[in-house]
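Asker:
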Amino acid sequence: MAIVPVALGSRSYDILIEEGALDRAADHLARFARGGRLVVVTDENVAAAQLSRLEAALASGGISVEPIVLPAGESTKSWRFLETLLDRLLVLEIERGDHIVALGGGVIGDLVGFAASILKRGCGFLQVPTTLLAQVDSSVGGKTAINSKAGKNLIGAFYQPAFVLIDPSTLDSLPVREVRAGYAEVVKYGLIDDPDFFTWCESHGTALLSGDPTARLYAIERSVSAKAAIVADDERETSGRRALLNLGHTFGHALEAETGFSNTLLHGEGVAAGMALAFRFSARQGLCSDAEATRVTAHLRDAGLPYDLASAHVAAHGKTLVSHMLHDKKMAGGKLPFLLARGIGQTFLDKNVDFKDVEAFLDEEAG
Ligand code: NAD
Ligand code: GLY
Numbered sequence: 027m028a029i030v031p032v033a034l035g036s037r038s039y040d041i042l043i044e045e046g047a048l049d050r051a052a053d054h055l056a057r058f059a060r061g062g063r064l065v066v067v068t069d070e071n072v073a074a075a076q077l078s079r080l081e082a083a084l085a086s087g088g089i090s091v092e093p094i095v096l097p098a099g100e101s102t103k104s105w106r107f108l109e110t111l112l113d114r115l116l117v118l119e120i121e122r123g124d125h126i127v128a129l130g131g132g133v134i135g136d137l138v139g140f141a142a143s144i145l146k147r148g149c150g151f152l153q154v155p156t157t158l159l160a161q162v163d164s165s166v167g168g169k170t171a172i173n174s175k176a177g178k179n180l181i182g183a184f185y186q187p188a189f190v191l192i193d194p195s196t197l198d199s200l201p202v203r204e205v206r207a208g209y210a211e212v213v214k215y216g217l218i219d220d221p222d223f224f225t226w227c228e229s230h231g232t233a234l235l236s237g238d239p240t241a242r243l244y245a246i247e248r249s250v251s252a253k254a255a256i257v258a259d260d261e262r263e264t265s266g267r268r269a270l271l272n273l274g275h276t277f278g279h280a281l282e283a284e285t286g287f288s289n290t291l292l293h294g295e296g297v298a299a300g301m302a303l304a305f306r307f308s309a310r311q312g313l314c315s316d317a318e319a320t321r322v323t324a325h326l327r328d329a330g331l332p333y334d335l336a337s338a339h340v341a342a343h344g345k346t347l348v349s350h351m352l353h354d355k356k357m358a359g360g361k362l363p364f365l366l367a368r369g370i371g372q373t374f375l376d377k378n379v380d381f382k383d384v385e386a387f388l389d390e391e392a393g
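In case it helps, this note's numbering puts the sequence shown at residues 27 to 393.
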């Protein structure tokens, strides 16, 4: 078992990572179950695969579960289902001192976190992530949000969970494509500032993707440790350090927008292609070597992830893709901050990228 602390003063919390932790949930979550009850919010797929496990574990500790099961998919991160969820929580008479459990991927985690931030002016919530993406990224750090007509994640709050319980064995029921998409976020930590971890990914990525418990436990612990350190340093993304976590996201966002934020390209897949593009663009600008950009591209390709426009199912050219970037919420003073790299593990924020260069680069990539 590993415990990774997130040091945020009065908002500090622990991330517990343990194979089989869900089956010992009563030990880990009893202190949050006021009156011997926990409300567990999940989606239909996770309910079918993991909810009964959690219910049985909590029942063995005398804790009853009030489940709230929402539809699966990105469209659940919406005003409609926020209202549905809040109404259900109010009927259940949730109080400020209660903790709502988010059992699921980033969609459930982001929605429940945002609901908790506004219910009775803020009640508690716990993250029990069940996708690799949520276990290594979205369950930690307190970014919560829903989507709106104007774009993704535009309505939300920084609101930290009180505890994060990660059981890697929940990934056994996750479709392999979703595991791969989450793996892109694992690789991201190596590319940002940990070249040794990227080398580890090159050697152990295949084992991790095929469910090897030792490899995935190691990758999750190393990833959340990296994220916890960044969040403790720059909780609200003001100093620029937390922005490093957006490596690959500006290119990736453009690809996701072009494919309609649909199943054609999952978020993690967009990030994978986006990271490969960020490295190749960095090489084109003379910032990093072609060899390093090729190494990044090769690893993502070998992991079965998209690594260019074609493998991301995008046929658009530079102008269209740059126009998607200009709608990105991270636009500041008319310029988009870009995460570029001087090498593997040497990512940095450049606020002065010339869009003509990006456009020309993407035109070349489009062929
Ligand atoms: P998701 O929550 O939609 O889960 C992916 C799919 O897997 C869904 O169909 C879900 O029902 C299913 N699923 C989840 N766990 C399962 C399991 N153990 N067994 C079987 N099926 C399972 O998607 P995601 O990739 O986890 O999260 C994507 C969301 O996360 C996006 O909305 C993105 O904006 C958000 N996100 C947030 C942050 C953050 O810091 N808050 C960071 C990255 C991404
Ligand atoms: N996933 C990016 C962040 O948490 O800042």
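Glycine is no exception: its CB is placed at the ideal position from the N, C-alpha and C atoms.
In this text the structure is predicted, and so the values were computed from the model without any measurement.
1. Assess contact between the stretch 40-60 and the stretch 186-203, defined as three or more Cβ pairs (one per stretch) separated by less than 8 angstroms. Is contact present?
2. Look up MET43 in the DSSP assignment and give the residues it is bridged to.
3. Evaluate the contact criterion for the stretch 131-144 versus the stretch 168-180: three or more CB pairs, one atom per stretch, below 8 angstroms.
4. Of all the CB atoms in chain B, is at least one closer than 8 angstroms to the CB of CYS314?
5. At which residues does the beta strand (DSSP E) containing ARG268 begin and terminate?
6. I'd like the list of long-range same chain contacts for ALA245, defined as Cβ closer than 6 angstroms, with 5 residues on each side in sequence excluded.
7. Would you call the stretch 203-221 and the stretch 326-336 touching, i.e. three or more CB-CB distances under 8 angstroms?
8. Would VAL95 pass as a contact of ALA75 if the rule is Cβ separation under 8 angstroms?
9. What three-state label does DSSP hand PHE374 in the structure shown?
10. Which partner residues of LEU366 appear in the DSSP bridge assignment?
11. Rounded to the nearest angstrom, what separates LEU112 and LEU137 at their Cα positions?
12. Is ALA171 helix, strand or coil by DSSP?
13. Is any non-hydrogen atom of the ligand NAD found closer than 7 angstroms to the C-beta of GLU100, if you look at the structure I gave you?
14. In the DSSP output, what is ILE126 paired with across the bridge?
15. Who are the near neighbours of PRO31 in its chain, counting only those whose CB is closer than 6 angstroms to its CB and skipping five residues on each side?
16. Just checking my contact of PRO93 with PHE151 at CB under 8 angstroms: how many whole Å lie between their CB atoms?
17. Along the chain, where does the beta strand (DSSP E) containing PHE287 start, and where does it finish?
18. Is the beta carbon of SER308 within less than 7 angstroms of some heavy atom of the ligand NAD?
19. Distance check for ALA302 and TYR215, CA to CA, integer angstroms please.
20. Note the first and the last residue of the continuous alpha helix (DSSP H) segment covering SER199.
21. Shortest alpha-carbon distance to GLY274 belongs to which of ALA367, SER288, ALA342?
22. Which one of VAL91, ALA128, ILE134 has the shortest CA to CA distance from PRO97?
23. In angstroms, rounded to a whole number, what distance separates the CA positions of PHE364 and THR346?
24. Using DSSP with H/G/I as helix, E/B as strand and the rest coil, what is ILE94?
25. Under 8 angstroms, do ILE257 and VAL166 count as touching if we go by C-beta distance?
26. Among the candidates ALA82, LYS146, ALA299, GLY132, whose CA atom is the shortest distance from the CA of VAL117?
27. What residues in its chain sit with their C-beta under 8 angstroms from that of ALA341, if we drop five residues either side in the sequence?
28. Determine the burial state of ALA252: buried for a count of at least 16 other Cβ atoms within 10 Å of its Cβ, exposed for fewer.
29. Is DSSP giving ILE144 helix, strand or coil here?
30. Put ILE181 into one of helix, strand or coil per three-state DSSP.
31. Could you tell me the boundaries of the alpha helix (DSSP H) in which PHE224 lies?
32. Any heavy atom of the ligand GLY inside 7 angstroms of the beta-carbon of LYS169?
33. Along the alpha helix (DSSP H) that carries VAL322, what are the first and last residues, could you check?
34. Going by DSSP in three states, SER337 sits in which element: helix, strand or coil?
35. Just to confirm, are VAL162 and VAL250 a CB contact at a threshold of 8 angstroms?
Answerer: Taking the coordinates as given:
1. yes
2. The sequence as given places Ile at residue 43; Met does not occur at that position. Its beta-bridge partners are ALA28, ILE192.
3. yes
4. Included in the structure is just one protein chain, with no chain B present.
5. First-last for ARG268: undefined, no H or E at that position.
6. VAL212, LEU234
7. yes
8. no
9. strand
10. PHE374
11. 10 angstroms
12. strand
13. yes
14. VAL65, PHE151
15. ASP40
16. Contact flag wrong, Cβ pair sits at about 15 angstroms.
17. Premise fails: PHE287 is in no beta strand (DSSP E) and is neither H nor E.
18. no
19. 14 angstroms
20. Here SER199 belongs to no alpha helix (DSSP H), and DSSP marks it neither H nor E.
21. ALA367
22. ILE134
23. 17 angstroms
24. strand
25. A quick correction: the sequence has Val, not Ile, at residue 257. Yes, they are a contact pair.
26. LYS146
27. LEU335, ALA392
28. buried
29. helix
30. strand
31. 221-235
32. yes
33. 316-328
34. coil
35. yes
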